[in-house]
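The structure appears below as structure tokens.
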Amino acid sequence: DAKTTQPNSMESNEEEPVHLPCNHSTISGTDYIHWYRQLPSQGPEYVIHGLTSNVNNRMASLAIAEDRKSSTLILHRATLRDAAVYYCILRNRRQFYFGTGTSLTVIP
Amino acid sequence: DTGVSQNPRHKITKRGQNVTFRCDPISEHNRLYWYRQTLGQGPEFLTYFQNEAQLEKSRLLSDRFSAERPKGSFSTLEIQRTEQGDSAMYLCASSPQQGAQNTEAFFGQGTRLTVV
């Protein structure tokens, strides 16, 4: 199974940028990199995804390394509502491979 | 469409009993996934359906677990002879056929199972 490695926890001050790293050295050529976040007692919520190029949407940006073995989720201005567990996921045609996630704490 | 719906939201059962959970995916989503999540862990893949066909099953899906998706619409996950180790959140997700892994998947709120 393809695996991702993330720090267990990170902290950020409110309204500052946050960079959440992820390593996925066993990624295959057809795996897409997805990021989801999860609040307590909720299902995971989609944040962003990409294959090779950097991606931007209204929630975040995704920076993908040239060799695709790592990626970084960027929240441009952290808010208290961004406090959650963030999962870096490799997705192939049949499965999502979740890691253990990074618990983000946003400090007011 | 209000998203992926899972019922019940909570289930408490005695060890040895059978339980069944239901997942209603977003209309016209061909792909449906079941995951299990224990406290403090990321979701673990259980099984994947494309329409009514069950195309992938995890080793985690023991003989006591069975999933169906008749007619390619809603899906059920049944656990027979429940054990305390089955206590977890069971998550369902769906995504459209077109685009495969290049699409967003939508997760339900989950069913929290407690086996006492």
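In order, the protein sequence lines correspond to chains A and B. Last residue of the first sequence: 133 in the working numbering, with the numbers rising by one and none dropped. Last residue of the second sequence: 98 in the working numbering, with the numbers rising by one and none dropped. Built from N, CA and C at the ideal position, the CB exists for glycine as well.
Listing by chain order, which chain A residues have their CB less than 9 Å from the CB of residue i?
i       : result
Phe89/B : Tyr61, Gln63, Gln67, Gly68, Pro69, Glu70 and Tyr71
Tyr72/B : Those within 9 Å of Tyr72/B in chain A number zero; the least Cβ separation is about 11 Å.
Gly92/B : Ser66, Gln67 and Gly68
Between the options, which lies nearest to residue i when the distance is taken from Cα to Cα?
i          : options                                 : result
Gln83/B    : Thr130/A, Ile132/A and Asn117/A         : Asn117/A
Pro(-10)/B : Val98/B, Leu42/B, Leu59/B and Asn12/B   : Leu59/B
Ser76/B    : Ser34/A, Thr30/A, Tyr71/A and His49/A   : Tyr71/A
Phe121/A   : Thr96/B, Ser44/B and Tyr30/B            : Tyr30/B
Gly75/A    : Thr85/B, Phe89/B and Gln36/B            : Thr85/B
Thr104/A   : Ser78/A, Pro69/A, Pro133/A and Ala88/A  : Pro133/A
Val(-14)/B : Gly67/B, Leu95/B and Phe89/B            : Phe89/B
Gln79/B    : Glu34/B, Glu65/B and Ser44/B            : Glu34/B
Asp107/A   : Pro65/A, Leu115/A, Pro32/A and Arg119/A : Pro65/A
Asp6/B     : Ser69/B, Ser57/B and Thr64/B            : Ser57/B
Quick check: is any heavy atom of the ligand COA less than 7 Å from the C-beta of residue i?
i       : result
Gly22/B : In the structure on display, the ligand COA does not appear, and there are no ligands present to speak of.
Considering only their Cβ atoms, is the gap separating residue j from residue i smaller than 8 Å?
i        : j        : result
Leu28/B  : Arg51/B  : no
Val110/A : Thr127/A : yes
Tyr29/A  : His59/A  : Here residue 29/A turns out to be Thr, not Tyr, going by the sequence shown. Taking 8 Å as the Cβ cut-off, Thr29/A and His59/A do not qualify as a contacting pair.
Glu143/B : Gln19/B  : The structure shown does not extend to residue 143/B, since chain B spans only -17 to 98, so no value can be given for it.
Gly92/B  : Gly68/A  : yes
What in chain A is Cβ-close to residue i, meaning under 8 Å?
i       : result
Leu95/B : What Leu95/B touches in chain A: nothing, since even the nearest Cβ is about 13 Å away.
Asn84/B : Tyr57, His74 and Leu76
In chain B, what lies closer than 7 Å to residue i by C-beta?
i        : result
Tyr193/A : Missing from the structure shown is residue 193/A; chain A here goes from 26 to 133 and no further.
For residue i, which residues in chain A fall below 7 Å Cβ to Cβ?
i       : result
Glu10/B : Near Glu10/B there are no residues of chain A at all, since even the closest Cβ is about 18 Å away, more than 7 Å.
Leu59/B : Correct list: empty, because the minimum Cβ distance to chain A is about 15 Å.
Q. Which residues, taken in chain order from the segment 49 to 72 of chain A, show a beta carbon closer than 9 Å to some beta carbon of chain B?
A. Thr55, Asp56, Tyr57, His59, Tyr61, Gln63, Ser66, Gln67, Gly68, Pro69, Glu70 and Tyr71
Q.
At a CB distance below 9 Å, what residues from the segment 41 to 54 of chain B approach chain A? Give them in sequence order.
A. none
Q) Is the number of C-beta pairs between the segment 84 to 101 of chain A and the segment 32 to 48 of chain A that are closer than 8 Å three or more? A) yes
Q.
What are the residues in the segment 115 to 128 of chain A lying within 8 Å of chain B by C-beta distance?
A. Arg116, Asn117, Arg118, Arg119, Gln120, Phe121, Tyr122, Phe123, Gly124, Thr125 and Gly126
Q.
Measuring CB atoms only, is the segment 89 to 96 of chain A touching the segment -11 to 8 of chain B, in the sense that at least three cross pairs come out at less than 8 Å?
A. no
Q: Please list the residues of the segment -11 to 22 of chain B that have a C-beta atom closer than 8 Å to any C-beta atom in chain A, keeping them in chain order.
A: Tyr15 and Tyr17
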